[in-house]
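Only one structure is covered here, and it is reproduced in the block below.
Protein chains: 2
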Amino acid sequence: MSPYSAPTAPRPPLRVALAGIGVVGGGVVRLLETNRELIARRAGRPIEIVAVSARDRHKDRGVDLSRYRWEDDMDAIVAADDVDVVVEMIGGADGPALTLARHALGAGKALVTANKAMIAHHGLDLARLAEQKDTPLKYEAAVAGGIPVIKAIREGASANEIARVYGILNGTCNYILTQMERNGASFADALAAAQAEGYAEADPSFDVDGIDAAHKLAILAALCFGTRLDIGAVTADGIRGLIAADIREAEALGHRVRLIGMAERDGTDKGGGLYQHVQPCLVPADHPLAYVPGALNAVVAEGNFVGRLFFEGAGAGAGPTASAIVADIIDIARDEYGPAFAMPVDVLDAAPAADAGARVGKHYVRLIVEDRIGVLAEIAAAMRDAGVSIESLIQRGSEDGNGVVIVLVTHEGPARAIHAALDMLGASDHVVGAPMHMPILAL
Amino acid sequence: MSPYSAPTAPRPPLRVALAGIGVVGGGVVRLLETNRELIARRAGRPIEIVAVSARDRHKDRGVDLSRYRWEDDMDAIVAADDVDVVVEMIGGADGPALTLARHALGAGKALVTANKAMIAHHGLDLARLAEQKDTPLKYEAAVAGGIPVIKAIREGASANEIARVYGILNGTCNYILTQMERNGASFADALAAAQAEGYAEADPSFDVDGIDAAHKLAILAALCFGTRLDIGAVTADGIRGLIAADIREAEALGHRVRLIGMAERDGTDKGGGLYQHVQPCLVPADHPLAYVPGALNAVVAEGNFVGRLFFEGAGAGAGPTASAIVADIIDIARDEYGPAFAMPVDVLDAAPAADAGARVGKHYVRLIVEDRIGVLAEIAAAMRDAGVSIESLIQRGSEDGNGVVIVLVTHEGPARAIHAALDMLGASDHVVGAPMHMPILAL
């Protein structure tokens, strides 16, 4: 098939089945209906919904599904002769989503998914299955919502060796951090605001503990470094430990606090270990990530020829997610697609995990201590004994009688030394609660 | 050809000829050599330079070209049986670049170009020729250097009706504006600094008068709106008219001055007129374009489902431009490409030019006037007579005896009214030099 489909020789419609019609599924239906004509022009052929399937046929979804064939049984859309593409929007790493994905690819159908958990956990197996069946597997919506960052890295930056990839991968956390920044709110109050606004779930663990960001980071890392996706190697610290003083002190230091997922490969040779970690960081005020507000997402990729690329947009929501899903469908309609992870699974490297403790950088450390003689000496001694060199230290008088806040910024040093110092101090009777530490993002 | 090229069935190398080896050409050679192995993995096949051609064989380019076949005659690389892709890096809208492009496509070879002027002026003709010969024409490097914005819009945002596309498309101007911002420098001093740093040419007209940005805007508009590229319909005001006070006053108003190329389609139906204009604008401090520093480029696309997408990166330079050129070559190696403007040329709309004077918005107006009685009354009368409603006005005492600076911000109103008022005032004996006016970018 030539990529140039002259309008005089129209190609047949691409026939799509949607599985799982929640908020995102409704967005996909609305998008394909609203932009129908424009999409047909761009794709070179119409894109038609031929079947939908979800748990409850009678739920009000705000879109009229009556014109589409309803299938109670997901396997029916896999078996249907008139379905070219299955769009999986069920969610969850395993269960019905994974079953559907395997069956669809196994039947030689194209699979489009927004399911970051499933791709993070089973992406390699699914990609291998897609290869065997010579059918596309696409997942643009799984990372950073509407931002076409999978495409930007897989194709746009494909000429570059990527030194590191990092960004704001969870809109809920960024919304909470922005609230804390603007209002001086506590984490609990900012979380409650996010829940009230619909930016956070009733059980926010998946977002605020960094798990969602970890899924996305694992996917980005595999694409950037040509490595075998390994969600088990990604570690995550969430934002629950942050207090209002952290945001304030960061600001006083010319920084903003952001939950950053970062992946970096040690050395430039293929044998280097891979660091993949999600944690709150201090971002310098002259870095574009410092200006990413509210529930937006943003990704930075640093290439050895292109330099720093920065992408920002909506990381979630019906419209942005639908935009990414339909972009994948259009790629399939155009026959512009290739291996899911940019190269066949067997060509991907198995990268060992990097020694995270050996990573060198400056750190922000915050302790709450009892207001008594000798505590500062204890902190200084712990830092000295762990080999941590202190660049600056600020002690603020207690505001509420709940202890004194001590903030220090270290000179460059290995993370291991910070951990050792904080282990010592965490065990001290004079330190209240868990110490907080955040790396300071180097430009 | 299946997109899944298993390593057990290696595809033949993609053979590339480079035409025009200047700074960018040297970058492409270095990139293809430095990242050779990685590119072969990602592309599914090696990418090999088989021939180079430029005016002067003996010029020192900082790269060793001796290992590649040299062709004095550009047509020899077109005629060569062992060339799959011709990379045009000669520059210029017409002349040898255009001749080479036509010959290469005419011979059925793939063409990759970084030449914004040529694409802006002859892109449609070249795209039609590529269609006839069923061969790729790619130009990622022509817009915003290393930022994969052609791909992001052509493919990443392809599901969306784009409401408007705009951005910082010229790094030289942005460097100059950033200098003025930081140092309070005059335009002339900032230009001299940009020239000293290599960011501006000895004759800077192409950059500072907005012509380069206009080329890029015309290309973006065609892609975003599915319209026939029409460089003749793009108008441009450069940054020569800006004085240090403009930057200062904009800052006082909570804004930054940026040279913005903007394209917007009237109404949402296909019949709407197309506005395409390059001019300095006031960008609100909470818009990401306000934070784009130095010689970087940035592009914003607003889609009806995805919302606002923002892309930032290096807009020029050997490395970033080479990154975009080689990304195009990798797409070709992967067989992941399609029509140059996302759809066949015959499917593109011929959009009439929008009525720029009817565009409604707030404006910044700056006048330098003689320090005498009645001048303010004259300004107020001109605004009233033209139907311009004033939101705020500031008069600053003369600093240097060269007149008084008056800055006003209008309420929302049509651009036509501003132009009429400034025509009146420009003719006044009491107004010194040309008035400056800039739209205030609406979020």
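Protein sequence lines, in the order shown, are assigned to chains A and B. If you read the first sequence in this note's numbering, its first letter stands for residue 1, the second for the next number, and so on. If you read the second sequence in this note's numbering, its first letter stands for residue 1001, the second for the next number, and so on. Ideal placement from N, C-alpha and C gives every residue a C-beta, glycine not left out. Treat the numbers as computed from the prediction; the structure is a model and nothing was measured.
Separation of residue j from residue i, as counted between CA atoms
i              : j              : result
residue 964/B  : residue 1421/B : Summary: the structure shown does not reach residue 964/B, with chain B confined to residues 1001 through 1443, and so no result is reported for it.
residue 112/A  : residue 195/A  : 29 Å
residue 1309/B : residue 1157/B : 9 Å
residue 1004/B : residue 119/A  : Bear in mind that the predicted position of residue 1004/B carries a pLDDT of just 49, short of 50, making it too unreliable to give a figure here.
residue 443/A  : residue 1218/B : 34 Å
residue 1007/B : residue 1044/B : No answer about residue 1007/B holds up, because its pLDDT of 47 lies below 50 and its placement is not dependable.
residue 215/A  : residue 405/A  : 34 Å
residue 1320/B : residue 378/A  : 50 Å
residue 427/A  : residue 360/A  : 25 Å
residue 449/A  : residue 97/A   : A question about residue 449/A goes unanswered here, because the residues of chain A that appear run from 1 up to 443.
residue 386/A  : residue 407/A  : 17 Å
residue 1204/B : residue 1182/B : 21 Å
residue 264/A  : residue 343/A  : 20 Å
residue 1093/B : residue 1212/B : 11 Å
residue 1163/B : residue 1153/B : 12 Å
residue 949/B  : residue 1030/B : This structure cannot speak to residue 949/B, because chain B is shown only from 1001 to 1443.
residue 108/A  : residue 130/A  : 8 Å
residue 278/A  : residue 1300/B : 28 Å
residue 1433/B : residue 1368/B : 7 Å
residue 1150/B : residue 397/A  : 54 Å
residue 1127/B : residue 1402/B : 53 Å
residue 1/A    : residue 333/A  : Reliability of the predicted coordinates at residue 1/A is poor, the pLDDT of 39 falling under 50, and no value is obtained from them.
residue 1394/B : residue 1295/B : 31 Å
residue 1053/B : residue 1022/B : 11 Å
Option in the options with minimal Cα separation from residue i
i              : options                        : result
residue 1414/B : 1370/B, 1356/B, 1407/B         : 1356/B
residue 124/A  : 350/A, 328/A, 417/A, 434/A     : 350/A
residue 1056/B : 1019/B, 1099/B, 1431/B         : 1019/B
residue 1251/B : 1260/B, 1431/B, 1290/B, 1240/B : 1290/B
residue 35/A   : 241/A, 141/A, 327/A            : 327/A
residue 244/A  : 324/A, 193/A, 177/A            : 177/A
residue 1025/B : 1107/B, 1375/B, 1275/B, 1141/B : 1141/B
residue 338/A  : 90/A, 110/A, 74/A, 99/A        : 110/A
residue 230/A  : 143/A, 257/A, 348/A            : 348/A
residue 1423/B : 1437/B, 1411/B, 1412/B         : 1437/B
residue 1184/B : 1198/B, 1022/B, 1248/B         : 1248/B
residue 115/A  : 91/A, 297/A, 259/A             : 91/A
residue 62/A   : 227/A, 380/A, 27/A, 38/A       : 27/A
residue 389/A  : 409/A, 396/A, 371/A            : 409/A
residue 1046/B : 1015/B, 1242/B, 1296/B         : 1015/B
residue 1136/B : 1237/B, 1089/B, 1295/B, 1330/B : 1330/B
residue 1311/B : 1068/B, 1146/B, 1023/B         : 1146/B
residue 1412/B : 1425/B, 1439/B, 1429/B         : 1439/B
residue 246/A  : 189/A, 21/A, 180/A             : 180/A
8 Å contact criterion, which residue i and residue j should meet: CB distance rounded
i              : j              : result
residue 1051/B : residue 1077/B : 5 Å
residue 1322/B : residue 305/A  : 6 Å
residue 1239/B : residue 1280/B : 5 Å
residue 173/A  : residue 134/A  : The pair is not a contact, with the Cβ atoms about 39 Å apart (cut-off 8 Å).
residue 282/A  : residue 175/A  : Their Cβ separation, rounded to whole angstroms, is 19 Å, which puts residue 282/A and residue 175/A out of contact at 8 Å.
residue 1200/B : residue 39/A   : That pair is no contact at about 42 Å.
residue 1143/B : residue 1220/B : 6 Å
residue 255/A  : residue 284/A  : 6 Å
Within 7 Å of chain A by C-beta, residues of the region 1117-1138 of chain B in sequence order: Closer than 7 Å at the C-beta level to chain A, one finds these residues of the region 1117-1138 of chain B: 1131, 1134.
Short-range partners of chain B found in the region 160-188 of chain A, where Cβ spacing is below 8 Å: 160, 161
Ordered list of beta strand (DSSP E) runs contained in the region 32-61 of chain A, each at least 3 residues: Taking only runs of at least 3 residues, the beta strand (DSSP E) segments lying wholly in the region 32-61 of chain A are 47-53.
Any alpha helix (DSSP H) of 4 or more consecutive residues that is wholly inside the region 131-203 of chain A: List check, alpha helix (DSSP H) in window: 171-183, 187-196.
Unbroken stretches of the alpha helix (DSSP H), 4 residues or longer, contained in the region 1325-1403 of chain B: 1375-1386
Near-chain A residues of the region 1329-1352 of chain B - C-beta to any C-beta below 7 Å: 1330, 1331, 1334, 1336, 1337, 1338, 1339, 1342, 1343, 1344, 1346, 1347
Members of the region 214-231 of chain A that neighbour chain B once the beta carbon cut-off is set at 9 Å: 226
Residues of the region 302-318 of chain A whose Cβ lies closer than 9 Å to any Cβ of chain B, in chain order: 303, 304, 305, 306, 307, 308, 309, 310, 311, 312, 313, 314, 317, 318
Complete runs of the beta strand (DSSP E) confined to the region 215-281 of chain A [at least 3 residues]: Within the region 215-281 of chain A, the complete beta strand (DSSP E) runs of at least 3 residues fall at 255-265.
Residues of the region 143-160 of chain A whose Cβ lies closer than 8 Å to any Cβ of chain B, in chain order: Listed by position along the chain: 146, 147, 148, 151, 152, 155, 156, 157, 158, 159, 160.
The region 279-298 of chain A: positions lying closer than 7 Å to chain B by Cβ: Cβ contacts with chain B come from 288, 291.
Near-chain A residues of the region 1033-1049 of chain B - C-beta to any C-beta below 8 Å: 1034, 1035, 1038, 1039, 1041, 1042, 1043, 1044
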